[in-house]
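Asks: Residue numbers (the working numbering), protein chains in the order written: chain A, 128 to 233; chain B, 858 to 1496. All C-beta atoms, glycine included, are put in the ideal place defined by N, C-alpha and C.
Written out as structure tokens, the structure reads:
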């Protein structure tokens, strides 16, 4: 019988895959909202990492949980600001296409 | 009273300083009140100084041990600077003389400056000038003295340039200040060296330590220090070759000239050398240099004064010459003779400058003596007091100058400096001649119809009379038969010279010969044809003397060639190296690198994110594939 035991490696692989998908999305998506979603993916990958490390390395402490709660909080705030900016840009340009936004240029 | 004055001699410089502050901050709008504050401050100072001097001169112990009151000014490790008051016969005499002459000059100035728009300011400067000089006189510490010294320089600058609407006055003020600065640099170096070598600048301690200087330093170093210190007096006392500022200093109002030339400023240098004579005394080379500088300056300036035409310029060169006498006496080691001449000179030179001021006042600032004449009839008080001054400076007994000049001649003769003695005697003859040339040209002879002189008001003539009396009798305190002066003011031990009748008679003959020659050339001969013929015959000497040996021109040429040339070089260096390479070069590098780097700023968010990611990747690769210790080193961690 195939014993199905989940170890740290599985978590890390899952997190790495999620992070990679998120990064790919951030670098390639044209839609600003999609980019924001991808950033969320990356952050969640990190959350998984934190929790996995906590569970397998220091099971008696709550360091990983606490950090991930921090990350979730910050992510919520970041998305709030990010979406507000996106809405503001959209009102000006009627577009959320990142290729059209190069105002930060010299 | 006397006790109080002696223990509170610090009031003497303080009162004029207070007058200065009061005038500047309170009474400036009220002219008469300002003048009153100024005069009152100085007169009160004079009263205290007189009492203190009386106290010192009735108590013989002060010739041995000065009365010093001092407080700590500041201290660091190895550097303790006191500020205080040192009373001994020399400083008491100076205090008395400076306050007395300054009081008279201040009173005179209330009349002379009448109607000047800067009346109050003028009197505030005068107060500060007096205060600075008095601070210098009472100093118990060389650094304190240096501060006062610089203050005196500052005040002279302010006062010489008082008529700041005149370009010549501004130039003269700058010249005085810069010339003195050149000299003060040497003085400062000298004082610093003294502090470094002997660890103190206190006059009494320094005198004690220098008397056995072998423990601290070598003869060579001490000579260097003495020469550096002497640089200051060369500038301030207008000795050759830094005398050039003094004749120009007459651009200031006449009371200022009188103050500078008689009571303050120029005698500061003589006083400083007199104060530090213990230093010079140990260094024969420096003593010789002081004597030769003094003797040469005396003769040199007298030879210039002979041909000058402006009344105050003649007097100015006469001052240079007389200060040379004082330096000569100091160089011969005779503090007595030097201070004695300083004392008598203060009276007759102040008198003559104030007389000159009175004349200029009457003639509306027409200064050429050839255009004057017969003034004594219209201005009897000014005229006759001037004559008294002339007799005093020429050295006719029993007027003041005779006794002090005699003392100097005697010192030169007794110490065996026959060349210097000859120079001094020749100077005495020339002094009598040029001074009486001035007197005969300006006061006697025919009146000029275009001049309408009138006698000056009472507040100007009274100081003249007082100074004339002092010039007449001021020398009687130190005659060879009653040598009070010699018993009080001396260096080392009192020097009792027997009256040398040969020198005495000789100097009288020289003085009378000078006066007679001047009478012959400028008074008896109405057309002055002989004088013109003489000038014509010795055209070369006359031109050289009239142009003051071209010293100013030489300095100017030196300035234009070397200073300006160097300045041009530095200008180019500044433009092309400092500005070009350093300033603009660095700016250009920054700008060009900016130009290059700005294309990397695409403004696209995802480009930035990609670069960021690649950077993280690079770090990760480095961390993964290098061995742990290098990685730790790179990240700054501990092995």
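To the nearest angstrom, how far is the alpha carbon of residue 899 of chain B from that of residue 955 of chain B?
Replies: Distance between the alpha carbons of residue 899 of chain B and residue 955 of chain B: 10 Å.
Asks: Mapping DSSP to helix, strand and coil, what is residue 1145 of chain B?
Replies: Residue state, collapsed to three classes: helix.
Asks: Would you mind telling me which residues of chain A sit closer than 9 Å to residue 1470 of chain B, beta carbon to beta carbon, in chain order?
Replies: Within 9 Å Cβ-Cβ: 150, 153, 154.
Asks: Locate the alpha helix (DSSP H) running through residue 1131 of chain B, then write down its first and last residues.
Replies: First-last of the alpha helix (DSSP H) with residue 1131 of chain B: 1123-1132.
Asks: For residue 1169 of chain B, tell me which candidate among B:878, B:1294, B:1107 has the shortest Cα-Cα distance.
Replies: Checking every option, the nearest Cα to that of residue 1169 of chain B belongs to B:1107.
Asks: Any idea if residue 1198 of chain B is buried or exposed, counting beta-carbon neighbours within 10 angstroms, 16 or more meaning buried?
Replies: With 16 or more other Cβ atoms within 10 Å, it is buried.
Asks: What is the DSSP secondary structure of residue 926 of chain B, counted as helix, strand or coil?
Replies: DSSP places residue 926 of chain B in strand when its eight states are reduced to three.
Asks: Taking only beta carbons into account, state which residues of the segment 211-233 of chain A come closer than 8 Å to chain B, listed in chain order.
Replies: Those residues of the segment 211-233 of chain A that come within reach of chain B (Cβ to Cβ, closer than 8 Å) are 225, 226, 228, 229, 230, 231, 232, 233.
Asks: Between the segment 1374-1382 of chain B and the segment 1291-1309 of chain B, can you find at least three pairs of beta-carbon atoms closer than 8 Å?
Replies: The answer is yes - the segment 1374-1382 of chain B touches the segment 1291-1309 of chain B, with three or more Cβ pairs under 8 Å.
Asks: So, helix, strand or coil for residue 1349 of chain B, using DSSP?
Replies: It is coil, neither helix nor strand.
Asks: Taking C-beta pairs closer than 7 Å, name the residues in chain A that residue 1467 of chain B reaches, listed in chain order.
Replies: The contacting residues are 154.
Asks: If we call anything under 9 Å between Cβ atoms a contact, is residue 995 of chain B one with residue 1116 of chain B?
Replies: No. Outside cutoff.
Asks: Just to confirm my understanding: we take residue 1345 of chain B, look at its own chain, exclude 5 residues before and 5 after, and list those with CB closer than 7 Å. What are they?
Replies: Same-chain partners within the cutoff: 914, 920, 946.
Asks: Quick check on the DSSP output: what are the complete alpha helix (DSSP H) runs of length 4 or more inside the segment 1152-1229 of chain B, in order along the chain?
Replies: With a minimum length of 4 residues, the continuous alpha helix (DSSP H) runs that stay inside the segment 1152-1229 of chain B are 1168-1188, 1192-1219.
Asks: Residue 1037 of chain B to residue 1434 of chain B, Cα distance in whole Å?
Replies: Whole-angstrom Cα-Cα distance: 33 Å.
Asks: So if DSSP puts residue 943 of chain B in a beta bridge, which residue, or which two residues, is it bridged to?
Replies: Its beta-bridge partners are B:925.
Asks: Within this structure, are the beta carbons of residue 1289 of chain B and residue 1370 of chain B separated by less than 9 Å?
Replies: Yes, the Cβ-Cβ distance between residue 1289 of chain B and residue 1370 of chain B is below 9 Å.
Asks: Between the segment 1437-1471 of chain B and chain A, which residues of the former have a C-beta closer than 7 Å to a C-beta of the latter?
Replies: Listed in sequence order: 1455, 1458, 1459, 1460, 1461, 1462, 1463, 1466, 1467, 1470.
Asks: Grab me the residues of residue 1217 of chain B's own chain with a C-beta within less than 8 Å of its C-beta, minus the 5 sequence neighbours each way, in chain order.
Replies: Only 1111, 1168, 1169, 1223, 1224 meet the Cβ criterion.
Asks: Restricting to runs no shorter than 4 residues, where is the alpha helix (DSSP H) found entirely within the segment 1370-1458 of chain B?
Replies: Fully enclosed alpha helix (DSSP H) runs of 4 or longer: 1386-1394, 1396-1403, 1408-1415, 1421-1429, 1442-1454.
Asks: Using 8 Å as the cut-off, can you tell me whether the segment 1439-1450 of chain B makes contact with the segment 1121-1139 of chain B, which would need three or more C-beta pairs spanning the two stretches below that distance?
Replies: No: fewer than three Cβ pairs fall under 8 Å.
Asks: Here's the rule: buried if 16 or more other CB atoms are within 10 angstroms of the residue's CB, otherwise exposed. What is residue 1059 of chain B?
Replies: Under this definition residue 1059 of chain B is a buried residue.
Asks: Residues bridged to residue 1336 of chain B by DSSP?
Replies: Note: residue 1336 of chain B sits in a beta bridge opposite B:1339.
Asks: Using a beta-carbon distance below 9 Å, is residue 162 of chain A in contact with chain B?
Replies: True, the Cβ-Cβ gap to chain B drops below 9 Å.
Asks: Any chance the segment 937-945 of chain B sits against the segment 1182-1190 of chain B, with 3 or more Cβ pairs inside 8 Å?
Replies: The segment 937-945 of chain B vs the segment 1182-1190 of chain B: no contact.
Asks: Closer than 6 Å by C-beta to residue 985 of chain B: which residues in its own chain qualify, once you throw out the five before and the five after it? Chain order, please.
Replies: Once the five neighbours on either side are set aside, the close Cβ partners of residue 985 of chain B are 877, 1012.
Asks: How close, in whole Å, do the beta carbons of residue 906 of chain B and residue 979 of chain B come, if the pair is a contact with beta carbons under 8 Å?
Replies: About 23 Å separates the two Cβ atoms, so there is no contact after all.
Asks: Does residue 176 of chain A come out as helix, strand or coil in the three-state DSSP assignment?
Replies: Reduced to three states, the DSSP call for residue 176 of chain A is helix.
Asks: Going by DSSP, which residues form a beta bridge with residue 938 of chain B?
Replies: Note: residue 938 of chain B sits in a beta bridge opposite B:931.
Asks: Should the segment 1303-1310 of chain B be regarded as contacting the segment 1387-1402 of chain B, the criterion being three or more beta carbon pairs within less than 8 Å?
Replies: The segment 1303-1310 of chain B is not in contact with the segment 1387-1402 of chain B.
Asks: Which runs of the alpha helix (DSSP H), 4 residues or longer, sit entirely within the segment 995-1040 of chain B?
Replies: With a minimum length of 4 residues, the continuous alpha helix (DSSP H) runs that stay inside the segment 995-1040 of chain B are 999-1017.
Asks: Can you tell me the Cβ-Cβ gap for residue 1506 of chain B and residue 1256 of chain B, rounded? I've got them flagged as a contact below 8 Å.
Replies: The structure shown has nothing for residue 1506 of chain B, since chain B only spans 858 to 1496.
Asks: What residue does the alpha helix (DSSP H) around residue 1076 of chain B start on, and which one ends it?
Replies: Note, residue 1076 of chain B: alpha helix (DSSP H), 1076-1093.
Asks: When the Cα of residue 964 of chain B is compared with those of B:1129, B:1056, B:894, B:1261, which residue comes out closest?
Replies: Considering only alpha carbons, the answer is B:894.
Asks: Can you have a look at residue 1362 of chain B and say buried or exposed, based on whether 16 or more other CB atoms are within 10 angstroms of its CB?
Replies: With fewer than 16 Cβ atoms within 10 Å of its Cβ, residue 1362 of chain B is classed as exposed.
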